[in-house]
Structures are given as structure tokens and as C-alpha cells.
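Note sheet for the following structure.
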DNA sequence: CAGCGCCCCTGCCCGC
DNA sequence: TGCGGGCAGGGGCGCT
């Protein structure tokens, strides 16, 4: 479900409600997520104040004085704020219960998500230490993309979806950014010229920033922490539009598979 | 190392 | 209406 805009929308939705709040309890109904949810969460977290809600790539952090809860939403995860008496559904696996009738509830039908605990600085965590730059940060620029892509034969679409290159670009926004940049998704990353790298960096930044502004993309059931859907799906130009006319040139949008993921592009506008 | 394919899991939609 | 197959917004891991 969530790419960077949806994770950031979630972060912004929950942060004002839980920052400064004290955790009372942790309820684990299903510990078998991508990795087992550590039982240490239940001993370490109650009594702690959530100092801040952070994000790195698609990982969210709940920071406390003694450690950090690291959350990944996988394909189908969502975090919602609910009241104490809201009955838990079949896929509501983890609750973090706060003082003041606030429960942060993780729902994840496919259980590809993760809830971890680290007592060290979260960016030193094994899963986070090797991540590439933030797409909206200064380090992600044309020169960086040009340099990293030299000598790479991998197609540009899976290349920009590699979190070691740049974080947060998932399957929807990879297709959208390549459309905006006019680049064929199957082109070898190493063959992109410097100007085209600049164009792609701009396209990635723009599409992600606009999606965050719109509250993310709701394809099936994404909702923010406050329960609101995103509306960026209305702005999608190629994703999910196989066979439909391109908005720019009316050529039929093509759908192909790249590494078991669907890719959408306009064969006329993207070269 | 780069590059690929395989999974983890449930739900839903489509075609027969 | 029932059922099997394929696909879904991620990404770590193991193999070549």
C-alpha cells in the first residue's frame, strides 16, 4: 500500500496526537509479521513518552528516551488512531495504548510489515544504515544519480526503486516519475545522459511532493492516521491505466512486467 | 558485486 | 454460485 507519500501522510496524521504522550500499554494480538514483533516492546515501552515521530524512507520511528519503535507498513499496513473502546478487527495486530483515550493501531492483512525495537540510534539499525538519500533532500541531485548509475545495466525503473540508490520510490511513483521525465522504464540506468538524470531527479521530487500535498494515493483502502483517504490517484497519469489513452498524446498506455512488478508507460512520450 | 527470482501473506477480481 | 489462478502499493535474502 504505502509509498513514501503515504508513509509521510501517516506520520503527519499521527504525530500531533501522540508526541508528548505517555505509553500505557502495548497489545500484541499477532506477533508474526515480517519478523516477530519483539516482546521487549511490552516491557520497554510502557511509561515512556513519545518524544517525536520520525521517518526515513518508508520506515517510521516512534522515539523515546530509552529506545525507538521502528515501523514498516509493507504492502498492506496502515496506522490509525482510534479510541480505547474501538473493537479490534481480524488484522489489527498491534496496539500502542496512550494515556488520554488514544490508541495507535497497526492493521496489516498481508503481514509484510514490521514493528521492531532498538535501543540504539535508529539510523544505525541494520535495515536503515545502508539506505540511500531521501528523494526530497539535498543529497539527491542530478550529479548523484548520474554518478550512481554509471556502469549499471539494470533498467532505470527497478534502479530508482532500489532503496540503496534512493529511498521511498515505489511502484506507483516510479512509473509516474518516468512518464513525467519522458524516459522508457526499460532503458539501462547507465545509459541515461546527465541532462536526463537531472530531468528524472526533478520528476521524482515533484511527483512525491505533489502526492504528499494531496495526502497520498488511495487505490484500495489507504487512509491517513486520522482516517482520511488520499486523493493523488486522480493525478496518476500512467499507473493502472494500461490500454487507456495517454493524457498528452492519446497513444494507448502500455503495461509490461519488470521484475514481477507491473510497469506502465506511454510508448510515444517515453523514449 | 550486480542482477535476478523467490518468498513472506491475505484479499479480491476475473474467467470458467 | 463456486473455485482456481493471478495479481496487489515492499523488500530482504539467497543464488548465480
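Residue numbers (our numbering): 9 to 279.
In this text, a Cβ means the ideal position worked out from N, Cα and C, and glycines have one as well.
Since this is a predicted model, take the numbers as computed values, not measurements.
{"Asked": "Straight-line CA distance for residue 17 to residue 273?", "Found": "26 Å"}
{"Asked": "Tell me the start and end of each unbroken beta strand (DSSP E) in the stretch 22-61 that is at least 3 residues and wholly inside, in chain order.", "Found": "31-36"}
{"Asked": "Hey, could you find the ends of the beta strand (DSSP E) residue 120 is sitting in?", "Found": "Careful: residue 120 lies outside any beta strand (DSSP E) and carries neither H nor E."}
{"Asked": "Please return the same chain residues whose Cβ sits closer than 6 Å to the Cβ of residue 189, not counting the five positions on each side in sequence.", "Found": "207, 208, 211"}
{"Asked": "Buried or exposed: residue 31, going by 16 or more other Cβ atoms within 10 Å of its Cβ?", "Found": "buried"}
{"Asked": "For the structure I just gave you, are there three or more beta carbon pairs, one from the stretch 94-101 and one from the stretch 30-47, closer than 8 Å?", "Found": "yes"}
{"Asked": "If you compare alpha carbons, which of 152, 26, 199, 201 is closest to residue 111?", "Found": "26"}
{"Asked": "Select from 266, 106, 51, 134 the residue whose C-alpha is nearest the C-alpha of residue 166.", "Found": "266"}
{"Asked": "According to DSSP, simplified to helix, strand and coil, what is residue 181?", "Found": "helix"}
{"Asked": "In or out: residue 66 buried (at least 16 other Cβ within 10 Å) or exposed?", "Found": "buried"}
{"Asked": "Roughly how many angstroms lie between the CA atoms of residue 3 and residue 58, to the nearest whole one?", "Found": "Beyond the ends of the chain as shown, which are 9 and 279, falls residue 3; an answer cannot be given."}
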